[in-house]
Amino acid sequence: MKKGIRNTAVLLTVTWLSLLLLACGNQASTPSAGTDDSKAVNETQTNVDQSNQEQTASEDNNEGETRMFKDWTGHEVEVPVTPKRVIYHGEVTGDLLALGVVPVGILRQDGTVYDDQVIEAEDVGFPLSVEKALTLNPDLIIFSNSDQAQYDQISKVAPTVTFDSFASLEDRMRTLGDLLNKKQEAEEWITAHQKATEEMWKQLYENELKEVETASVFTMYPGNRLFVMAGAGLPQLLYGKDGMKPTAEIQKLLDEGMGFAEISTEKLPEIAGDRVFILDPVTDDAKQSTKELLDSTIWKSLPAVKEGKVYRFDLVKASSDATSREWLLKELPKQMIQ
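All the letters of the sequence shown, read from the start, carry residue numbers -28 to -1, 1 to 310 under mature numbering (1 follows the signal peptide of the UniProt record, and there is no 0).
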């Protein structure tokens, strides 16, 4: 995603797509940046638990120590070696959870796959409330935004680092592993995730999915706006290594570094793939728009629709963070294998 200032007005909406738009503003076309799966995930958790136990003594020893960290936008920040009270403000809270770190403050979005893990985390709001942050007494704030004015205010509360939440999953996990003194856990998670992803695709290809098949992802935004997703969210998994292919029109968006783009319904036949994924929205007006789309003649005429190769996922759950990705690796085969 583009490392420009993220448009704050967009996040005042209540849909998860608006959180994707956080990185890019509210323009119509926006620049971006199996059965064995559970076993791999469980192995990861076991390794993380063991690593946490092994690190306890060393963390006690370096408590209070600091070091310099260069963040996404170039700040050199003195941060705790082992942060204890972290505020994370951004779209990929599940990345921290996958490393065993539960933030004391978050940008809350209900309906995620990890809701039960962040029950006690305080919502610091959007924009991030300096007053609320102060009450949480953080020793580190991770800020997924490049707005310098906001940064200047927030950094008065505690050491603050900017973080590119639209970088690749592996890059994000390694950055957080370094920042949170969880490097080993990050590498173990990445290894297990890569294995689980390979096994999922193998399972799908053994059950009628063909390597040449294309996929496309669509969602409705309030105001009857139709978006095709390219380099953000679910497509990051679908178009990854061993995955399905984007259609030609979507490939153009990817080549241009686009996370998603608004399209007209008339463009659907050009963009829709052999398999189509719908991200069900949150708000009532977007839900109604989705219903109208699925009832339309142009939608029903799509080959994927006629062949029953349409799959629906909750927009909030099908996110790109590490914890949601673990969920998707299980849910994708459930829907695609008939």
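Note that CB positions come from ideal geometry on N, CA and C, so glycine has one too.
First and last residue of the uninterrupted beta strand (DSSP E) at residue i
i: Val49; result: Glu48 to Pro52
i: Ala204; result: Where Ala204 is concerned, there is no enclosing beta strand (DSSP E), given that its DSSP letter is neither H nor E.
i: Val58; result: Val58 to His61
Top-ranked residue by Cα proximity to residue i, from the options
i: Phe199; options: Tyr211, Asp256 and Leu265; result: Leu265
i: Val133; options: Leu112, Ala105, Asp150 and Glu35; result: Leu112
i: Pro52; options: Glu303, Val288, Leu152 and Leu301; result: Leu152
i: Leu210; options: Ile235, Ala233, Ser101 and Leu181; result: Leu181
i: Lys272; options: Lys306, Ala290 and Ala244; result: Ala244
i: Glu183; options: Gly205, Lys213, Ala202 and Arg284; result: Lys213
i: Asp286; options: Ile59, Ser268, Leu274 and Thr262; result: Thr262
i: Phe115; options: Asn196, Lys56, Gly62 and Gly205; result: Gly62
i: Asn117; options: Val64, Glu94 and Leu69; result: Val64
i: Leu141; options: Ala105, Ser127 and Gly203; result: Gly203
i: Glu103; options: Ile126, Gly231, Val277 and Lys167; result: Ile126
i: Gln175; options: Glu234, Thr107 and Gly215; result: Gly215
i: Leu68; options: Thr295, Thr255, Thr54 and Gln166; result: Thr295
i: Asp257; options: Val277, Gln120 and Arg197; result: Arg197
i: Gln89; options: Val96, Gly97 and Gly77; result: Gly77
i: Leu106; options: Asp119, Ala70 and Val58; result: Val58
i: Asn179; options: Met40, Leu304 and Glu50; result: Leu304
i: Val85; options: Leu301, Lys167 and Glu171; result: Leu301
i: Ser101; options: Gly149, Glu92, Ile91 and Tyr123; result: Tyr123
i: residue 313; options: Thr269, Glu238, Met230 and Thr54; result: The structure shown does not extend to residue 313, since the chain spans only -28 to 310, so no value can be given for it.
i: Glu298; options: Arg284, Lys281, Glu171 and Asp227; result: Glu171
i: Arg146; options: Pro99, Phe98 and Ala70; result: Ala70
i: Arg39; options: Met201, Leu108 and Asp150; result: Asp150
i: Glu234; options: Ala121, Phe98, Gly195 and Val96; result: Gly195
i: Pro131; options: Ile91, Glu50, Gln310 and Gly231; result: Glu50
i: residue 312; options: Pro241, Asp227, Gly229 and Lys306; result: With the chain covering -28 to 310 only, the question about residue 312 has no answer from this structure.
i: Asp119; options: Glu185, Pro99 and Glu37; result: Pro99
i: Phe232; options: Glu37, Gly205, Ala121 and Val254; result: Gly205
i: Arg284; options: Lys217, Glu37 and Gln307; result: Gln307
As assigned by DSSP and simplified to three states, the class of residue i
i: Glu234; result: strand
i: Gly77; result: strand
i: Thr107; result: helix
i: Ile309; result: coil
i: Asp43; result: coil
i: Thr219; result: coil
i: Ala12; result: With a pLDDT of 43 at Ala12, under the threshold of 50, the modelled position of this residue cannot be trusted, and the question is left open.
i: Ile114; result: strand
i: Glu31; result: Any reading at Glu31 must be qualified, since the residue scores a pLDDT of 47, below 50, and its modelled position is unreliable; no value is offered.
i: Thr255; result: coil
i: Thr65; result: helix
i: Ala(-20); result: Summary for Ala(-20): the model assigns pLDDT 29, below 50, so the residue's position carries little reliability, and this model does not support an answer.
i: Asp227; result: helix
i: Ala242; result: It should be noted that the sequence gives Glu, not Ala, for residue 242. Helix at Glu242.
i: Glu298; result: helix
i: Glu94; result: strand
i: Leu198; result: strand
i: Ala290; result: coil
Delimiting residues of the alpha helix (DSSP H) encompassing residue i
i: Met192; result: Segment Thr186 to Tyr193 is the beta strand (DSSP E) holding Met192; no alpha helix (DSSP H) there.
i: Thr134; result: Element bounds for Thr134: not the alpha helix (DSSP H) but the beta strand (DSSP E), Thr132 to Thr134.
i: Glu157; result: Lys155 to Tyr177
i: Gln122; result: Gln120 to Ile126
i: Asp88; result: Looking at the DSSP string, Asp88 is not in any alpha helix (DSSP H), and its letter there is neither H nor E.
i: Asp143; result: Leu141 to Leu151
i: Val277; result: Pro275 to Lys278
Those residues which DSSP pairs with residue i across a bridge
i: Ile250; result: Phe190 and Arg284
i: Thr262; result: In DSSP, Thr262 forms no bridge with anything.
i: Thr269; result: Beta-bridge pairing links Thr269 to no other residue.
Check: residue i C-beta below 7 Å from any heavy atom of the ligand COA
i: Glu48; result: No copy of the ligand COA occurs in the structure displayed, which carries no ligand at all.
### Query
Within the chosen definition, does the segment 281 to 301 reach the segment 216 to 229 through at least 3 CB pairs nearer than 8 Å?
no
#### Entry: the segment 43 to 58 touching the segment 123 to 137, judged by at least three CB pairs closer than 8 Å
The segment 43 to 58 vs the segment 123 to 137: in contact.
### Query
Counting pairs of Cβ atoms below 8 Å between the segment 160 to 169 and the segment 81 to 90, do you hit three or more?
no
### Query
Is it true that the segment 186 to 196 meets the segment 242 to 257, where meeting means three or more beta-carbon pairs spaced less than 8 Å apart?
yes
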